Structure formats: C-alpha cells, structure tokens
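Notes for the one structure printed next.
Protein chains: 2
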Amino acid sequence: MPRDPLSSLVDVARLAKVSLSTASRALNPEATHPVKRATRQRVTEAAQRLEYRPNLMARGLRRRRLPTIAVVVHDVTDAYFAEIVRGAEDEAYKQGYLTFVCSSRRDPAAELRYVEMLRLSRVSGVIFAAGGLIEPNYQRAMRRQVEAIRDYGGAIVALAPRVERWATEVADNSGGARLMTEHLIGLGHRRIAFITGPANVATSAECESGYQLAMKAAELKPLVEPGDFSTAGGGRAVASLMKRDHTFTALFVSSDTMAIGTLSELHRRGVRVPEDLSVGGFGDIQSWEFAHPALTTIRIDLAGIGAAGVRRALEQVAGRDAAPRVRVHPVSLVTRESTQQLERPMAALA
Amino acid sequence: MPRDPLSSLVDVARLAKVSLSTASRALNPEATHPVKRATRQRVTEAAQRLEYRPNLMARGLRRRRLPTIAVVVHDVTDAYFAEIVRGAEDEAYKQGYLTFVCSSRRDPAAELRYVEMLRLSRVSGVIFAAGGLIEPNYQRAMRRQVEAIRDYGGAIVALAPRVERWATEVADNSGGARLMTEHLIGLGHRRIAFITGPANVATSAECESGYQLAMKAAELKPLVEPGDFSTAGGGRAVASLMKRDHTFTALFVSSDTMAIGTLSELHRRGVRVPEDLSVGGFGDIQSWEFAHPALTTIRIDLAGIGAAGVRRALEQVAGRDAAPRVRVHPVSLVTRESTQQLERPMAALA
DNA sequence: AATCGAGGGGAAAACTATTTCCGGAAAAGG
DNA sequence: CCTTTTCCGGAAATAGTTTTCCCCTCGATT
C-alpha cells in the first residue's frame, strides 16, 4: 500500500523546531494555551512550506466529531427537498463543512439506519427536513440515536415541527395556506376545495389548519380531499374529488409536487385552468414557473431554510444557541396564470 | 463535555476475555489472521451484548479511508443531477456507505476546493458527474488532488468522458442524439434545428456529433444554435434561432432542462407544439412527463448510471476493477406529445 | 527425537492530532 | 533579593482501531 506522501504535524514541528504540542497550538488559534507571536509565525510558515493539512480523522478522533453535516430528506429528486439540500450545502460549504444527503424514501426504518450511520460517522449536525413523519414504533430508537449524537456534541435541527424542544426552522405553512385561500376568496371563489398531504406529516396538518381558518373566517364550507404529496397522487386526488363534488370553482393543492399531477389530470379531462377552475399550489418548485399554465403558488425560501438550519446546527455545536427554539420563516404569494377571477361570482347568493 | 457512553472494542475484548487484537480479528472476518470458531463466537456475542459499534474515525485513521462516497455535480436542484445523486445514494446505502453531495455550481474553483475537502475527509470514492467541464487553469491542481486520493486507496469514477484512463460510466449520448434526430427525420422533418450545450462540456459535444451524424446520413443540412444547459438559456436560444431562420419544422434541444425554457418561450410566442413545431428533448426529467405538451425525449437511466458509478468505485477500492475502462449505458427514445408527423412533407422536394 | 509448519493468540506499534500536566524562565510585586 | 504570577514550551497521555511481530502449541514429517 503506497504511503500518503503528504506531511503531518510532526513534519511541521520538526521544520519549525518546536514540539508537537506547540505546533498544534500555533495552528489552532482558539486553543486554551497562548503561543508567542514569533513562534506562531515560524510554525505557520513551516506549515505553508510543507502544504500541511491536518488529518481530519485524527482530529476527529480527539475532537469527537468531523466537519460534516447531514440533511435527511424524503427524496432528493423531489424538487422541494432538492432546494433545501442545496441551501444547506451552500451554507455548509461556506463554513468548511461537507454535506451528507440521506434520502429516507419515507421509510422510517431507512431513516433510522441513516441516523445511526451518521452517528457512527460523528457528523457535527443532522438536519431533519424529512417532513416530520414519526412512526410510533421507531420513535424510541430514533430518540436514542439522537441522544447519542448529542452526547458527542453533535447538533440536531428540524425543518418541520417534529419533536418538542428541538431547534426548529420552519416555513409559515399555516400562514401561507391562509394567504392562498384568501387569494382565492378575493377572486370571488366560494367553493374552494383543498387537497391535503399525508395525515401524519406535520407540514400537511399546518397547511390544512391555515385553509380551515381562512374558510371559517369567510364563513365558507371547507371541502377537503386527502392526498399524499406525490405527483401521481395529485392526479388521483382530483379525480376522486370530482367524483363526489362538481360545484367547486377553485382548488388549493397543498404541494406543488402534487399540483403538477393535478394539473395533468385536469388537462386530460378537458378542464381548462384557470378558465374552468382556478388552481393554487404550495411550495413553489422553481423550474415549474416555466410550465403552462404557470402555477400560482406560495413561495417558500427553501434554500434559505436549509441554510438557516445549518447555521443553527453550527451555532449549537459551538455552544451558543441563544435563539428562540422555533423560528418561523415568512412565505409569500406568487400570482401566476393558474388562478383568475371567478367569472360569474356567486357572492350574490350568500 | 459528556462522555460517549457507548462501548469500545476494549470493552468487548474484556467481556469476551480475549486480547484487543483477537477481538478486532474476530469481528473483521476478512482479516489476514485466522481465529478459532469458538473464540469468534464469544467475541461476537460480547459485541452484541454491549451493542458495540466500531468508531469509524479510529478505524479510518488506520484504514486510511472512511466508508463514504461523494458525488460531484453542477447543481442538485437540476433534476438531471438529482437523479444521478439519488441512484448513487441508493447504491451507497445498500453497501453501508454515506454519500456526500457536492454542487460545484459550474465553478471550477469550487469543484477543486470540494475535491480537496473530500481528500482530507478520506472519502472512499469520488464520482464526478459534473458534466466534464475542465478548465485548463485548474487541471493541474485537480490532478494533484486526484492523485492524492488514489494514494490513500480512494477511487475516482467519471460519469462523463473526462480524462483518459479514468474509470468511466457514461450514457450513449451520441447514439441517443442520433436516435432523436432519426425519429424526427422519420416523421418527415427535413429542417431540423439543434440547440447545443456549453462548448466545453463533453456531453454536449457527444450529443452534437450524434445529431451531425444522423443529419449527414440523411443528407440534410444541420442548423446549430449554441445553448448553455440552463432553463432560461433554452428560451434565449430558441429566440435567437428564430431570428436567423424561420424554415425549421423540428427542434432538438440537447437537454430537458433547456427544453423546458424553450417550450415556455415558444408558448409565449404563440408557436404551437407540436402542430407548428416538433420539439425533442434529451435526458428525460421524470417529473416533466406530466407537463403539456409532454416532451418527447431520450430517456437516460441516470439513477442506474449513478449506481453503476458507485459500484465501480467500490470495486476499485476493493482492488478488483477488471471491467473495461469506459462503460457505455444504452438510452432509449420515449415518444410523447411534443413531436408529430410533419403535416406537409417536403420529401418530394428532395 | 528433532524439525517443520500451521493455527491461534497476545503485546505493542502505528495511525495523527489534541490536550493535560508539568517545569523553567521571565516579569511583577513586596 | 525573594516570592508569586504569568507566560510559554515540552513530554506524555489520549482518542479507538488495525496490523505487525512474536510466541506458543500441537500434529505431522523425516
């Protein structure tokens, strides 16, 4: 096996004519122990000359963690999660950390196994973006892993309300849903249907509560159809919805990923959007702004949330996490082509 | 700082009443040194009882690498790369490896820095999916990093033709482009325009050569417009193309990401697809099969290529990489809505 | 009986950086 | 001048595993 030709700290120490410990202290400015300016200078120069880079595994062995963070998502190929990962990765990169991506494919067993692998790899922070699905059967085991990560000084951050007392960075889902519902109401719609996400996902519940709130405030009757956050599921949901009701004039789909399937199904059935039916999405998948009809949706700064998650984790690692436990990120309505004024307003009926 | 409460190999050795070395050998079956069956049994049981898990950093320090692989892409939010990452991650997960994702955002300096970070982290394999962009200024530095990774036993795999003598897993881009071009010719089109990718990307060059080949074989005059593989760029390219030519009846866009922008721009201009213009894409972004018109495109098994890359890397690490240097993955045509028979065939003119 | 070889186990080195503990020198104070 | 700090550098312990080197035993061979 060929030897690693790169130099180690002993080489630096030798060249600078100091001991190993001094070399280490000189190169790690925030060490407890001070080092004379001149000495530090000598060591730094030696390190430079030898192109010294610390062996992260040796360092990790002592420091008990590696400069890496992990993002746990359901699926990187889902644009929603890809944006979170990207935001997290950018921030991590800036701070000199590498990013693991873990796609749990909505399987709690896989998620658990991933978290154990992350623990063994002594990752500095784990960011749970995986929508907040918590299987009771796995909760205990998961909690043990998380505790173990905390024990070695690793940080845990959630990007969806997940567990009490976790540091959390979350979009204002409820507010966003209210915004969209009010937008549709403002356009004159009275029969506004809503397609939810999976029942056990927190994001989904929040969205629905926003919808319910806005509907109640306007004294309108809610019409809810269960969905599953998948594109195909979005098609199925609208099909099922139309089977049991044909009076709604607007439809609010609680994720863009689903909305894509919904739009496709509507097209197949010859329902024109927005002429026959206004459709609103949630989450603003960037690339779909080029679709037709372009989706009116709620924009969430997913990359920003991912980045905030990383910052939060690293603050936690550094031991200064004075920020509020749950931080809510604002969202905004982006009006495009898929919603329009109701043509024959029923307001008169009310 | 709280101590890691988990047990280490000494605990196992103590419980099994064997030495540290024997414990290590018993738990690593492929060790050089044999261990009696009964002894191994005892050690295994002790490990089980204590829920022993090896400290990966200590192991990495000796073994000189960690069970991690990295995928270097341009951008995870681009569906093309997301699928590759997903495929790689799935395979890595199966083999007990974690996956780093590195989005170079087409910046060779960032790519270089990432590779250095990966080297310091003693990653087992690096998979370059970043289209093959090689800046001459960075080539030397990059090569040094790669050599260093090889030195500690790490593997390098390219998913685009990149450097001579690297293990390479690549889609049959040229064949795919020929397939699409022939499809359009078969539909009766004679004026077939082509939008390329960036000049310095190998994938792009291969696509173009496939197009050129097919056009030449059919004795047709090529019409090429430069593009950049971005969605916005796809719109700009078709605009520029239409400024200088208005006779083409079919358009082959060398990436789906671009094709999305192209379609959007055509829609804006009132050009109907496929009635007025047939449009073919390349790469088959899954979620866009739900768009309208659904894009006729060349399907590439990107996840499969990502997975193959990981398998290849791990074989290399294990020291058995007898496979051919460059492995080409077949692609296929998927016909959807955006291409159709030319309505008034010009075949007679030929 | 002496020799050889293989199987099996232990002690210790190696991997490389951080950190604790200690001692000497210089500076400060009385 | 002597004592007490303060500053700075070195030696050694430490993190937890793998691997090398060495030794012992036991059966087979000459």
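Listed in order, the protein sequences are those of chains A and B. Residues in the first sequence are numbered consecutively from 7, following the numbering used here. Residues in the second sequence are numbered consecutively from 7, following the numbering used here. Glycine included, C-beta positions come from ideal geometry on N, C-alpha and C. If you're wondering where the values come from, they're calculated on a predicted model, not measured in any experiment.
Could you give the DSSP three-state label for residue i: helix, strand or coil?
i	result
A/S338	strand
A/P142	helix
A/I75	strand
B/E57	coil
A/I155	helix
B/R9	At B/R9 the pLDDT is 37, less than 50, meaning the model places this residue with poor confidence and gives no usable figure here.
B/V18	helix
B/A256	strand
B/L226	coil
A/E343	coil
A/S25	coil
A/E89	helix
B/G289	coil
B/S261	coil
B/E349	coil
B/R6	This structure gives no information on residue 6 of chain B, because the portion of chain B shown stretches from 7 to 356.
B/E212	helix
B/R333	strand
So the beta strand (DSSP E) residue i belongs to, where does it begin and stop?
i	result
B/V244	Taken as a continuous stretch (DSSP letters only), B/V244 belongs to no beta strand (DSSP E), being part of the alpha helix (DSSP H) at 237-250.
A/T105	104-109
A/S130	129-134
A/V176	173-177
A/A199	198-201
A/I361	A question about residue 361 of chain A goes unanswered here, because the residues of chain A that appear run from 7 up to 356.
Return the residue from the list the options that minimises the CA-CA distance to residue i.
i	options	result
A/I198	A/K42, A/T50, A/E89, A/D282	A/D282
A/S13	A/A53, A/L26, A/T45	A/A53
B/T105	B/G312, B/P336, B/G66, B/T174	B/G312
A/F258	A/D307, A/R275, A/A220	A/A220
A/L301	A/D307, A/G310, A/M264	A/M264
B/I191	B/S210, B/I266, B/L165, B/E225	B/E225
A/Y120	B/D178, B/T74, B/R342, B/V323	B/T74
A/H347	A/L308, A/I291, A/T255	This sequence places Gln at residue 347 of chain A; His is not what is there. Of A/L308, A/I291, A/T255, the residue nearest in Cα terms is A/T255.
A/P349	A/P280, A/E321, A/V337	The residue you asked about is not Pro; residue 349 of chain A is Glu in the sequence shown. If we check each option's Cα against that of A/E349, A/P280 comes out closest.
A/L308	A/G325, A/P228, A/F288, A/E51	A/F288
A/V230	A/A238, A/T237, A/S246	A/S246
A/E153	A/H298, A/R171, A/V18	A/R171
A/R275	A/L33, A/R242, A/F200, A/D17	A/R242
B/N61	A/R156, A/Y58, A/R70	A/R70
B/P167	B/Y144, B/A19, B/N206	B/N206
Keeping to the same chain, check which residues put their C-beta closer than 7 Å to that of residue i; ignore five residues upstream and five downstream.
i	result
A/L363	The displayed coordinates of chain A run from 7 to 356. Any statement about residue 363 of chain A would go beyond what the structure contains.
A/P204	S210, D234, F235
B/S293	A85
Please report the straight-line C-alpha distance between residue i and residue j, rounded to a whole angstrom.
i	j	result
A/V132	B/A22	34 Å
A/E214	A/T202	7 Å
B/D234	B/V78	19 Å
B/L126	A/V316	21 Å
A/A116	A/D81	12 Å
B/E36	B/F87	36 Å
A/R333	A/I291	22 Å
B/E95	A/V107	8 Å
A/D178	B/S110	30 Å
B/Y103	B/R128	13 Å
B/S30	B/K42	13 Å
B/T50	A/M123	20 Å
B/S260	B/P232	10 Å
A/K249	A/Y144	37 Å
Using a Cβ-based criterion (distance less than 7 Å to any ligand heavy atom), does residue i qualify as near the ligand SAH?
i	result
A/D113	The ligand SAH is absent from the structure shown, which contains no ligands of any kind.
By Cβ distance, which residues of its chain are closer than 8 Å to residue i, with the 5 residues on each side in sequence left out?
i	result
A/A353	Residue placement at A/A353 is flagged as unreliable, the pLDDT there being 47, under the threshold of 50; the coordinate-derived value follows with that caveat. Excluding sequence neighbours, A/A353 sits near G194, R196.
A/T253	R197
B/L357	A query on residue 357 of chain B cannot be resolved here, the shown segment of chain B reaching from 7 to 356 and no further.
A/T345	H189, L190, L193, A256, P280, S284, V285, G286, T302
B/Y99	T105
A/G239	G233, M264, G267
A/H335	E175, V176, A177, D178, I306, D307, G310, I311, A314
Once you ignore the five residues that flank residue i on each side, which residues in its own chain have a CB closer than 6 Å to its CB?
i	result
A/V244	T268, E271
A/A161	G131, A319, Q322, V323
Along the chain, where does the alpha helix (DSSP H) that runs through residue i open and close?
i	result
A/A161	First-last for A/A161: 161-164, but that is the beta strand (DSSP E), not the alpha helix (DSSP H).
B/R119	114-126
A/R278	No alpha helix (DSSP H) holds A/R278; DSSP gives it neither H nor E.
A/R68	62-69
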